[in-house]
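See below for the structure under consideration.
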Amino acid sequence: MSQWLAIGAFCLAAGFLIFGAVALRPFGEPTRTEMDDYFNRYSQPEVAANNAVTAIVFDYRGYDTLGEATVLFTAVTGVALILRKVRK
Amino acid sequence: MIGNLPFVVCMILIALGLWTLLAKRNLIKLVIGMSLIESGVNLFLVSLGYVHGGIPPIYTYAPSGAPMVLPTPQALTLTSIVIGVATSALMLAFAVVIYRHKGTLDARKIRDLRG
Amino acid sequence: MTVVVRTITRLLLPISLVFGGYVVMHGHLTPGGGFQGGAVAASGLALVIVAFGAERLAGKKGLFSALESFGGVAFAALGFLGLGVTFFANVLAGSGKLFGHPVPYGPNPGDLNTAGTLPLMNWAVGFKVLAGLSAVVLLFALFGGESDR
Amino acid sequence: MSVHAPILAIAVPLLGGFAVPLLARIHKKVRDLWVLLVVLFVAACAGYVAAHVLEQGIWVYVLGARNPQETLAPGGFPIRIMLTVDAMSAFMGIIAGLLALVAFPFALKYIPEEEGKNLSLTLGVLLLAGIMGMSYTGDLFNFFVFLEVTSIAACGIIGFRTWTSRAPEAAFKTMLLFSLSGLFFLLALAFLYGEYGALNLAYLAAQIRGSVVDRLALALFLAGLLMKVAAAPVHFWAPDAYGEAPAAKTLLLVVNTQVSLYGLWRVLFTVYGGALSAGVGWLVVSLGLLTMVVAAFMALAQTDLGRLVAYGAVSQIGYMMLGVGVGLVTLSGRPDYGLVAMKGGIFHMLNDALTIGLLFLCVGAVEWAKGTRDLRELGGLGHGLPGVALCFLLAALALAGIPPLNGFASKILIYEGSFRLSPILGAVAVLASILLLAVFARAFQGAFLGPKAEVRVKLPWVFFLSLGALAVGILVLGLVPGFFVEELVTPAAKALWHGRALYLAAVLGG
Numbered sequence: 050m051s052q053w054l055a056i057g058a059f060c061l062a063a064g065f066l067i068f069g070a071v072a073l074r075p076f077g078e079p080t081r082t083e084m085d086d087y088f089n090r091y092s093q094p095e096v097a098a099n100n101a102v103t104a105i106v107f108d109y110r111g112y113d114t115l116g117e118a119t120v121l122f123t124a125v126t127g128v129a130l131i132l133r134k135v136r137k
Numbered sequence: 091m092i093g094n095l096p097f098v099v100c101m102i103l104i105a106l107g108l109w110t111l112l113a114k115r116n117l118i119k120l121v122i123g124m125s126l127i128e129s130g131v132n133l134f135l136v137s138l139g140y141v142h143g144g145i146p147p148i149y150t151y152a153p154s155g156a157p158m159v160l161p162t163p164q165a166l167t168l169t170s171i172v173i174g175v176a177t178s179a180l181m182l183a184f185a186v187v188i189y190r191h192k193g194t195l196d197a198r199k200i201r202d203l204r205g
Numbered sequence: 033m034t035v036v037v038r039t040i041t042r043l044l045l046p047i048s049l050v051f052g053g054y055v056v057m058h059g060h061l062t063p064g065g066g067f068q069g070g071a072v073a074a075s076g077l078a079l080v081i082v083a084f085g086a087e088r089l090a091g092k093k094g095l096f097s098a099l100e101s102f103g104g105v106a107f108a109a110l111g112f113l114g115l116g117v118t119f120f121a122n123v124l125a126g127s128g129k130l131f132g133h134p135v136p137y138g139p140n141p142g143d144l145n146t147a148g149t150l151p152l153m154n155w156a157v158g159f160k161v162l163a164g165l166s167a168v169v170l171l172f173a174l175f176g177g178e179s180d181r
Numbered sequence: 012m013s014v015h016a017p018i019l020a021i022a023v024p025l026l027g028g029f030a031v032p033l034l035a036r037i038h039k040k041v042r043d044l045w046v047l048l049v050v051l052f053v054a055a056c057a058g059y060v061a062a063h064v065l066e067q068g069i070w071v072y073v074l075g076a077r078n079p080q081e082t083l084a085p086g087g088f089p090i091r092i093m094l095t096v097d098a099m100s101a102f103m104g105i106i107a108g109l110l111a112l113v114a115f116p117f118a119l120k121y122i123p124e125e126e127g128k129n130l131s132l133t134l135g136v137l138l139l140a141g142i143m144g145m146s147y148t149g150d151l152f153n154f155f156v157f158l159e160v161t162s163i164a165a166c167g168i169i170g171f172r173t174w175t176s177r178a179p180e181a182a183f184k185t186m187l188l189f190s191l192s193g194l195f196f197l198l199a200l201a202f203l204y205g206e207y208g209a210l211n212l213a214y215l216a217a218q219i220r221g222s223v224v225d226r227l228a229l230a231l232f233l234a235g236l237l238m239k240v241a242a243a244p245v246h247f248w249a250p251d252a253y254g255e256a257p258a259a260k261t262l263l264l265v266v267n268t269q270v271s272l273y274g275l276w277r278v279l280f281t282v283y284g285g286a287l288s289a290g291v292g293w294l295v296v297s298l299g300l301l302t303m304v305v306a307a308f309m310a311l312a313q314t315d316l317g318r319l320v321a322y323g324a325v326s327q328i329g330y331m332m333l334g335v336g337v338g339l340v341t342l343s344g345r346p347d348y349g350l351v352a353m354k355g356g357i358f359h360m361l362n363d364a365l366t367i368g369l370l371f372l373c374v375g376a377v378e379w380a381k382g383t384r385d386l387r388e389l390g391g392l393g394h395g396l397p398g399v400a401l402c403f404l405l406a407a408l409a410l411a412g413i414p415p416l417n418g419f420a421s422k423i424l425i426y427e428g429s430f431r432l433s434p435i436l437g438a439v440a441v442l443a444s445i446l447l448l449a450v451f452a453r454a455f456q457g458a459f460l461g462p463k464a465e466v467r468v469k470l471p472w473v474f475f476l477s478l479g480a481l482a483v484g485i486l487v488l489g490l491v492p493g494f495f496v497e498e499l500v501t502p503a504a505k506a507l508w509h510g511r512a513l514y515l516a517a518v519l520g521g
């Protein structure tokens with residue numbers, strides 16, 4: 050019974066996802082690229098970086114990267130907390 | 091449909107991960123399923139940035155004239171990969187501790203918390 | 033581990049550390065950056081942990097944690113550096129000071145001394161990732177081992 | 012410096028979290044002082060930002076731009092991450108700041124001095140940073156990043172008691188659901204990015220017209236965020252998580268849930284507000300009803316005081332969803348009672364934070380004194396711990412919505428609004444409240460009444476400071492709710508209800 054329920058849920062989710070992929074614009078032909086064109090055009094004059102991705106990672110979206118570094122730090126702290134020696 | 095095949099492949103990867111979560115009861119396999127979903131999402135994200143015939147968005151010795159692919163999805167994917175690593179590490183740590191207590195990784199046998 | 037693994041680890045450790053450093057250093061010019069370079073270097077340390085046993089590095093846990101904290105603080109501090117303008121403003125780029133050379137638009141061979149705070153942030157993140165990933169591998173390897181009982 | 016207040020409220024606890032392990036090497040007093048200073052600073056910043064926003068409207072802060080108010084690149088689209096603080100975000104910031112002020116002094120005393128204390132305090136500070144980041148951000152991907160910060164920090168805190176097998180199990184379960192919820196959120200924003208090439212909330216809101224991809228993304232947003240807020244079909248992680256985490260830190264987990272709920276409101280009202288069918292509102296309303304009823308019934312069966320309170324906390328999420336859900340249903344017509352229900356739902360967030368927080372602190376104090384939370388073993392604590400008993404009674408009555416306490420002040424608004432949408436909704440909500448009253452009456456009787464029990468441990472005075480602060484808050488909010496509703500809650504409710512155009516204008520100009 051629960052097996053069939055799982056299969057049903059799975060089919061529903063998979064169909065939903067694949068339908069979404071088909072409904073999206075065609076692969077390789079992004080329709081709205083103002084933001085990315087801006088990054089490709091101005092990463093050199095504004096940030097003086099040849100690598101536009103790094104310019105985004107550390108400048109335009111540097112705050113996200115701070116969050117990301119925090120995630121890694123949090124995870125390491127969490128692992129250290131979970132795997133610590135406990136005297137009990 | 092054919093034009094969107096790369097997107098569909100990412101979705102199939104995500105669906106496989108969901109199936110792993112639904113069907114498997116081993117904690118490590120659950121972590122693997124989560125990693126599958128995450129790989130699917132990351133692939134989807136990075137494939138959104140592809141432009142036909144595009145080159146990497148890096149100007150060091152770049153061939154001139156070719157269009158560059160969109161850089162933002164690559165930056166987002168980098169972030170989400172690191173987040174995925176962090177999540178997997180933490181979940182594996184929990185699995186290790188659970189194994190030490192219970193001597194098993196079978197989710198059906200370790201349910202202390204019910205109701 | 034066997035002699036073969038240990039010998040190859042001795043060979044590979046400097047290579048991976050140097051390559052990791054290279055990837056971090058050229059993050060603003062070539063593919064890569066702090067995270068990628070840090071991960072490459074951490075793979076070398078992970079190899080050491082596998083080959084020589086975690087016990088040998090057990091005393092370094094505190095060092096890793098301090099290095100990671102330091103990387104995080106340095107990264108956040110570089111963000112605070114822009115506070116005269118806005119948080120995370122790249123005040124060094126094109127200023128003529130440290131990493132302050134301007135770059136013309138278009139393909140070029142690349143100049144290390146560019147991109148302002150980016151290379152510094154790359155280094156901070158690189159150290160942080162190196163320390164963080166090594167610490168995770170070390171913690172897992174130490175768990176349940178002799179020093180844990 | 013005051014120009015930078017919103018970002019400082021996020022960046023300082025991030026920096027603070029990184030520095031805690033370093034400072035702990037110097038001395039534990041230095042570490043404690045540092046943690047308290049950081050929390051105090053965050054609360055002060057949240058207060059300042061709220062005062063500023065309530066007075067002068069939405070506060071936009073663009074990160075890394077030459078000028079903090081320069082939202083658009085040449086060409087008229089946003090490229091950088093920005094913080095967009097409106098009255099609702101500021102309200103969430105205030106809740107987070109207040110509860111952190113109460114929780115951290117308690118936690119400093121409550122968590123025993125061992126290797127794990129530094130790490131757990133670090134995680135606590137980072138969780139606070141994540142909560143502030145989620146409240147203030149105006150960028151979808153940034154919201155995702157801070158969602159993950161809170162998920163990972165929260166799960167680390169939940170798994171604190173590694174000497175039992177229950178805590179890692181609860182943490183694993185929670186982590187599985189949290190990361191699944193995060194991935195759904197990421198997938199949804201990937202769809203939106205693929206369609207519109209943007210990540211800014213306001214810019215996306217201006218583009219969305221309700222196309223097929225928009226609706227798919229909405230479904231994924233709903234699935235992801237409802238998982239994280241512990242709505243009914245996927246609520247099962249919450250009692251485990253709240254029950255297993257150290258009591259003092261549970262307060263932050265509660266705020267984390269609420270701020271995820273805020274994220275849901277932000278997506279529904281601001282991003283999709285222009286193209287939302289009433290069906291989504293009905294979905295939220297019915298899931299809210301299901302949550303409150305299921306959780307109240309589950310609470311009846313609990314013998315563990317911590318899990319009982321945890322189920323109470325889950326059922327309160329149902330009230331918030333009901334209140335704001337009524338607003339969502341009536342969003343197209345905007346009748347008065349919709350706003351009333353929304354005020355109730357949003358006011359209930361603050362009230363729930365205080366009452367549930369007080370209940371968890373009481374549970375923590377009981378566990379500290381007796382070493383157990385099992386209702387079958389407890390009893391008669393009212394003689395030894397009269398203060399704790401009084402606080403528990405006060406919070407339980409407030410939770411069940413007994414006048415003149417704060418729970419009543421917000422629940423009456425929810426009842427009124429939902430009753431006018433459909434009498435059945437109001438009736439179910441009242442019934443769930445009565446059920447909760449019964450549950451907590453039994454819990455109070457089981458733990459505090461009965462033959463006198465020996466209490467040998469003396470509680471530290473800091474505990475009573477935290478308990479007292481929350482109890483005073485409950486009384487004040489209950490006795491003069493009008494002032495707070497007018498000054499804080501109404502602007503927050505209006506920011507969601509009417510404020511979409513203002514939010515868009517603040518970022519996109521015009």
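Chains as they are written, first to last, in this note's numbering: chain A, 50 to 137; chain S, 91 to 205; chain E, 33 to 181; chain D, 12 to 521. Virtual Cβ for every residue (Gly too), placed ideally from N, Cα, C. Keep in mind the model is a prediction, meaning the values are calculated, not measured.
In chain A, what lies closer than 7 angstroms to residue i by C-beta?
i      : result
D:I163 : V120, T123, A124 and G127
Using only the alpha-carbon positions, how far apart do residue i and residue j sit?
i      : j      : result
E:H58  : E:F67  : 12 angstroms
D:V468 : A:F107 : 52 angstroms
E:A147 : E:L89  : 36 angstroms
S:F97  : D:D150 : 24 angstroms
D:V399 : D:I413 : 19 angstroms
D:L83  : E:G94  : 45 angstroms
D:L25  : D:R431 : 45 angstroms
E:L79  : E:G69  : 16 angstroms
S:K192 : S:L106 : 29 angstroms
A:W2   : A:A63  : Residue 2 of chain A is absent from the structure shown; chain A starts at 50 and stops at 137.
S:N116 : D:G193 : 22 angstroms
The beta strand (DSSP E) that contains residue i, what's its start and end?
i     : result
D:T95 : M93 to V96
Would you call residue i buried or exposed, if buried means 16 or more other Cβ atoms sit within 10 Å of its Cβ?
i      : result
D:K260 : buried
D:I122 : buried
D:R42  : buried
D:T268 : buried
E:D180 : Summary for E:D180: the model assigns pLDDT 48, below 50, so the residue's position carries little reliability; its value from the coordinates is reported in the next sentence. Classification of E:D180: exposed, given that the 10 Å Cβ count is below 16.
D:S222 : exposed
D:Q533 : Past the boundaries of the shown model lies residue 533 of chain D; chain D is included only from 12 to 521, so the question cannot be answered.
D:E66  : exposed
D:R277 : buried
Need the endpoints of the alpha helix (DSSP H) that residue i sits in, please.
i      : result
D:Y147 : E126 to Y147
D:V71  : Taken as a continuous stretch (DSSP letters only), D:V71 belongs to no alpha helix (DSSP H), being part of the beta strand (DSSP E) at W70 to V73.
D:S176 : That residue, D:S176, is in no alpha helix (DSSP H); it is neither H nor E in DSSP.
D:Q313 : Note, D:Q313: premise wrong, no alpha helix (DSSP H); not H, not E.
D:Q80  : Counting along the chain, D:Q80 falls outside any alpha helix (DSSP H), and DSSP gives it neither H nor E.
S:M181 : T162 to K192
D:Y214 : L212 to Q218
If the cut is a Cβ gap below 8 angstroms, which residues of chain D does residue i touch?
i      : result
S:K192 : S176
Which chain E residues sit within Cβ distance under 8 angstroms of residue i?
i     : result
A:Y93 : Note on identity: in this sequence residue 93 of chain A is Gln, with Tyr being the wrong assignment. Per Cβ cutoff of 8 angstroms: V135, P136, Y137 and G138.
Give the interface partners of residue i over in chain A, defined as CB-CB distance under 8 angstroms, in chain order.
i      : result
E:K129 : Correct list: empty, because the minimum Cβ distance to chain A is about 12 angstroms.
S:V98  : I67, A70 and V71
E:K160 : A118, L121 and F122
Using the beta-carbon of each residue, which ones in chain E are nearer than 9 angstroms to residue i?
i      : result
A:V135 : Correct list: empty, because the minimum Cβ distance to chain E is about 10 angstroms.
Can you list, in chain order, the stretches of the alpha helix (DSSP H) that have 4 or more residues and sit fully within the region 58 to 131 of chain E?
66 to 84 and 93 to 113
Which whole runs of the alpha helix (DSSP H) in the region 398 to 457 of chain D are 4 residues long or more, in chain order?
417 to 432
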